[in-house]
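In my numbering, the protein residues as written are 264 to 993.
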């Protein structure tokens, strides 16, 4: 009884005391009878114990999941494994394109396509984890009255975490993969060594002390396709080899790195490339050449000279207070057409009490390349990025100064609002951005970008992110100006509050373009959602479009209806349409970012209807050595990789998915996003996991918002969702 309770008893009328005394007297009678019974019981016999009653609510056992495997149906023999087989029928009509996507062919093609897709995973106790993903496409289409037929395929097999003697682990891949590179090649700052898609072999061998070897070889090509993510070779060949190791006695002591005791630490890496018949632009129809390239780098991390030490923690050293990481890079390339070129750059990343900083200097001679990819050639300069944040606010800025190595040249825009100036080649760029949350329901944001001298332009953005009973609303106003053109866009994005597992988001924007050659105005809209309207039925839709006064309309639709009568079988009907070029965000970018932008691909106009029959299953029981953990319950994991145009960290209805991106679970299991940016691991052990995406196939200048592996938890018989936003530099 609390003190207030005692006080309340003392303040009661005296009649309560008489009632209390009466209750004691009433209880005294039974107490006396019980006392007499106890005295009459013989002392030599113990009292009979009361019988235990198990309070079971229902002896029927746990309820079965209507769509899940019952224990009696599950095959527990063998290693843990899962598989999925899809058989698809397409009817499509396309107006442009060539590739494995349904509807490929010439103008006005009508096509019919049969496709078989296979994906499978198996976990072995001594040979690592195996993953396979393969597609075989057979197509017939009518082009200008002529019947034609074609076949295409894409496939990939991965073996991860294969244990070897001496503490080594191996990752092997075959099929449509990317060329290998060392961890240092991913870079510390804004510049990294690119990879190239190939059809061939790739391998990486690593040891816990930081040593790593890699090699890859195959035919160059590109990922393509609308309904099916395919791969088409381009005629060249590329081979790479590399190594990375740690100098001195610095071992991979995670505890020492976390506390700072294992610092300073220095690493060295080299990577070699040999290309034969490589396309100059990495695609088709351009001049071919033989090329060779060599890259070397060294990285050093420790406490910054101005800091007393590195704060303990599990984050990388450069992201902890007092930590500093510096990386020096040198690249040399020689081509039979381009000649020789050299690139030098240095990056540094450090953390002060409040700010995270990244700075670098670079010098790239003209025609510098790495295999099929051109590096930001004919450019030199320096940059500085910084940001800071708390629970309530965030602020950041970036500064860049650049010039050309080979004299004046045009820095013409490549689709973004950057202008077409042809000045001396010098350029200055500044961006400042911030967010502020006065409470848990409102967040205000602002961003300003200014580019001067060459290709001058300005861009500004204001946003208001509001949470309410209706859901989450993002109001955004954008304006960009470059030379004689000006773009203004007002947008609203709404993530509606609906009952789980349904999701529903919409977006609407009004855009106006003044000045320039083709002034226009129009609407940009999008709808994104999922809905399970019955126990075995679900609907998903992603529709984006624009309507403009100059006739440059666009539409990108993907709508599917799925029926799953059992855990193993499902049937889906899907409609897709792609028409016109989607509007680009009004941005002003720096010269370094612009120099790495790829050429925009030609738009494929296509519409198709797909009927997909799917069979999936799982079996096996995991084994473990002494001290290891045996198998547990399972769930599933799925999500999307998408272009985060507004840096909001959540997918808007008008934001597209990223196809052909490699997703890695626990550094062991590999899958790839489909043409709409979706991925799925259908059978995942319950518990904590790490998941990451490989930036190898991301188009520049996009990069993962989270570069480190992300932690998540999968619960038994639950479908976990994890989306990866990819963002461009501000």
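Positions of the beta carbon are idealized from the N, C-alpha and C atoms, including for glycine.
Anticipated Cβ contact below 8 Å, residue i with residue j, distance rounded
i, j, result
"residue 382", "residue 396", "5 Å"
"residue 351", "residue 875", "5 Å"
"residue 341", "residue 882", "6 Å"
"residue 954", "residue 939", "At roughly 19 Å, the Cβ-Cβ gap does not stay under 8 Å, so residue 954 and residue 939 are not in contact."
"residue 809", "residue 785", "6 Å"
"residue 423", "residue 463", "Not confirmed; about 18 Å, so no contact."
"residue 538", "residue 485", "Not confirmed; about 15 Å, so no contact."
"residue 421", "residue 433", "Not a contact, Cβ separation roughly 11 Å."
"residue 697", "residue 665", "Not confirmed; about 25 Å, so no contact."
"residue 768", "residue 916", "4 Å"
"residue 631", "residue 604", "4 Å"
"residue 926", "residue 935", "7 Å"
"residue 506", "residue 475", "7 Å"
"residue 715", "residue 691", "5 Å"
Segment limits, beta strand (DSSP E) that includes residue i
i, result
"residue 554", "551-566"
"residue 461", "460-470"
"residue 784", "783-794"
"residue 775", "766-778"
"residue 756", "748-759"
"residue 698", "690-699"
"residue 965", "965-967"
"residue 511", "It is not in any beta strand (DSSP E) - residue 511 carries neither H nor E in the DSSP assignment."
"residue 619", "619-627"
"residue 924", "Careful: residue 924 lies outside any beta strand (DSSP E) and carries neither H nor E."
"residue 647", "642-652"
"residue 483", "475-487"
"residue 941", "941-948"
"residue 613", "602-614"
"residue 988", "987-991"
"residue 341", "Taken as a continuous stretch (DSSP letters only), residue 341 belongs to no beta strand (DSSP E), as it is neither H nor E."
"residue 728", "720-731"
"residue 639", "Segment: none, residue 639 is in no beta strand (DSSP E) and carries neither H nor E."
"residue 763", "First-last for residue 763: undefined, no H or E at that position."
"residue 376", "372-386"
"residue 541", "528-542"
Residue range of the unbroken alpha helix (DSSP H) whose run includes residue i
i, result
"residue 859", "Premise fails: residue 859 is in no alpha helix (DSSP H) and is neither H nor E."
Same chain, Cβ closer than 7 Å to residue i, five either side skipped, listed in chain order
i, result
"residue 991", "964 and 965"
"residue 778", "747, 748 and 749"
"residue 734", "757, 758, 759 and 760"
"residue 289", "Any reading at residue 289 needs caution, since the residue's pLDDT is 36, under 50, leaving its predicted position unreliable; the model's value is listed next. If we look at residue 289 and ignore the five residues flanking it on each side, it has no Cβ neighbours."
Burial state of residue i (16 or more Cβ within 10 Å)
i, result
"residue 741", "buried"
"residue 495", "buried"
"residue 653", "exposed"
"residue 988", "buried"
"residue 976", "exposed"
"residue 661", "buried"
"residue 799", "exposed"
"residue 829", "exposed"
"residue 856", "buried"
"residue 427", "exposed"
"residue 404", "buried"
"residue 389", "exposed"
"residue 598", "buried"
"residue 669", "exposed"
"residue 412", "exposed"
"residue 554", "buried"
Residue i beta carbon near the ligand ATP (any heavy atom closer than 7 Å)
i, result
"residue 353", "Absence of the ligand ATP from the depicted structure is noted, as is the absence of any ligand whatsoever, leaving it without description."
Contacts around residue i, its chain only, beta-carbon distance under 6 Å, and the 5 residues preceding and following it disregarded
i, result
"residue 771", "755 and 788"
"residue 308", "Confidence in residue 308 is poor, its pLDDT being 47 and thus under 50, which makes the residue's placement unreliable; the coordinate value appears in the next sentence. Same-chain partners within the cutoff: there are none."
"residue 713", "693 and 721"
"residue 648", "621 and 661"
"residue 566", "572, 573 and 585"
"residue 783", "776, 811, 812 and 813"
"residue 300", "Because residue 300 carries a pLDDT of 39, less than 50, the predicted location of this residue cannot be relied on, and no value is offered for it."
"residue 723", "711 and 742"
"residue 699", "656 and 707"
Close beta carbons around residue i, own chain, < 8 Å, minus the five adjacent residues each side
i, result
"residue 983", "898, 899, 900, 901, 947, 975, 976 and 977"
Alpha helix (DSSP H) runs contained entirely in the stretch 568-592, provided each spans 4 or more residues: none
At what residue ranges does the stretch 796-866 contain a whole run of the alpha helix (DSSP H), taking only runs of 4 or more? 854-858
Let me know the beta strand (DSSP E) ranges lying completely inside the stretch 409-460, each 3 residues or longer, listed in chain order. 409-426 and 431-441
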